[in-house]
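Residue 0 is where the sequence shown starts when you use numbering that gives the first Met the number 0, and the numbers rise one by one after that.
Virtual Cβ for every residue (Gly too), placed ideally from N, Cα, C.
Because the structure is a prediction, the values reported are computed rather than measured.
Read the structure below first, then the notes.
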Amino acid sequence: MVKFKKRYMIFLIISFIVAKMFGGTLPYGIFYTIMLIGILALIYIPISIKNIDVLLKKDYEEFGKWNEEGLTYVGDKFTVNLVVENSNVLPIPYINISNPIFSKIENNYNGDLIYLKSKERYWLKKEMDFKRRGIYDFETTTIKVSDWFNIVTIKKKKTF
Numbered sequence: 000m001v002k003f004k005k006r007y008m009i010f011l012i013i014s015f016i017v018a019k020m021f022g023g024t025l026p027y028g029i030f031y032t033i034m035l036i037g038i039l040a041l042i043y044i045p046i047s048i049k050n051i052d053v054l055l056k057k058d059y060e061e062f063g064k065w066n067e068e069g070l071t072y073v074g075d076k077f078t079v080n081l082v083v084e085n086s087n088v089l090p091i092p093y094i095n096i097s098n099p100i101f102s103k104i105e106n107n108y109n110g111d112l113i114y115l116k117s118k119e120r121y122w123l124k125k126e127m128d129f130k131r132r133g134i135y136d137f138e139t140t141t142i143k144v145s146d147w148f149n150i151v152t153i154k155k156k157k158t159f
């Protein structure tokens, strides 16, 4: 799903109105520049999100046993590694990676923000101490990618 910032759209409409009302090279130049930035972001971000790969690696031996069903007990410690890889030649300036299980275990968790250069891999290591007994499903991770100016945002869900 592609989202544009409301401020960008309002600024684009206002610059168009000013360019139509007053004319001249400066108002039209500002309008075309703002429009060009939006078009380039709309091309750049879908290409970037296609080239992001996220892997989930569970650490079985370091902190305890993880059942086949994902069942944990109170006090179990566990390490999860999320590996985020950019296989594109272009850098990705703003990546927000979130998993609903992390928000249940950690207080005030809104996701992890990272920047990836071209052909770079980032390891996100989370050590967790389970406070409740139950089944924890790490299967769905949400990835939000945005451009340099935070104009266009695309959201992608990765299921392992």
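How far does the alpha helix (DSSP H) with R6 in it reach, from first residue to last?
-> From DSSP, the alpha helix (DSSP H) with R6 extends over K5 to F21.
Just how far apart, CA to CA, sit V53 and E84?
-> Cα to Cα, V53 sits roughly 6 Å from E84.
What residue from E126, N87, P92 and F3 has the CA that sits closest to I46's CA?
-> Ranking the options by Cα distance to I46, first place goes to N87.
Mind checking S145: buried by the 16 CB within 10 Å criterion, or exposed?
-> Classification of S145: buried, given that the 10 Å Cβ count is 16 or more.
Pick helix, strand or coil for L115, following the three-state DSSP scheme.
-> Looking at L115 - three-state DSSP - the assignment turns out to be strand.
Bridge partner(s) assigned by DSSP for K234 = There is no way to answer for residue 234, as the model of the chain reaches only from 0 to 159.
Mark V151 as exposed unless 16 or more other C-beta atoms lie within 10 angstroms of its C-beta, in which case mark it buried.
-> With at least 16 other beta carbons inside 10 angstroms of its own, V151 counts as buried.
Element boundaries [alpha helix (DSSP H), containing P92] | Segment I91 to S97 is the beta strand (DSSP E) holding P92; no alpha helix (DSSP H) there.
Looking at C-beta atoms only, is the number of pairs between the stretch 5-19 and the stretch 110-121 that lie closer than 8 Å three or more?
-> No, because fewer than three Cβ pairs between the stretch 5-19 and the stretch 110-121 fall closer than 8 Å, the two stretches do not touch.
State the DSSP-derived secondary structure class of K130, mapped to helix, strand or coil.
-> K130: coil per DSSP, three-state reduction.
Which of the three DSSP states, helix, strand or coil, is assigned to I150?
-> If DSSP states are grouped into helix, strand and coil, I150 belongs with coil.
Measure the CB-CB distance between Y93 and L81 and report whether it falls below 8 Å.
-> With respect to the 8 Å criterion, Y93 and L81 are not classified as neighbours on the basis of their beta carbons.
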